[in-house]
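Residue numbers (this note's numbering): 4 to 61. Just so you know, even glycine gets a beta-carbon here, dropped at the ideal spot from N, CA and C.
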C-alpha cells in the first residue's frame, strides 16, 4: 500500500487547524479518500508536529 505524506507550515496551532481544514475539504482529497482501492491507506491519519532546527533545510 502506498503512503501519503502531507506537510503543513503554520505559525501557531490556530493556523494549523485552519490549514488542516482546507486540506480535509479539498475535492481531490475527498475523491481519493472515498476510493475503495485506498480504503486501508487513507483510513488512518498520524499527526506529528515538527520544529525546524538551525540546520534544517525546510
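When you compare the CB positions of residue i and residue j, do they come within less than 9 Å of one another, or not?
i          : j          : result
residue 22 : residue 7  : no
residue 61 : residue 19 : no
Assign residue i to one of three DSSP states: helix, strand, or coil.
i          : result
residue 27 : helix
residue 9  : coil
residue 58 : coil
residue 14 : coil
residue 20 : helix
Excluding sequence positions up to five away, which residues of its chain have a Cβ less than 8 Å from the Cβ of residue i?
i          : result
residue 32 : 26
With a CB to CB cut of under 7 Å and the five nearest residues on each side skipped, what residues in its chain are close to residue i?
i          : result
residue 58 : none
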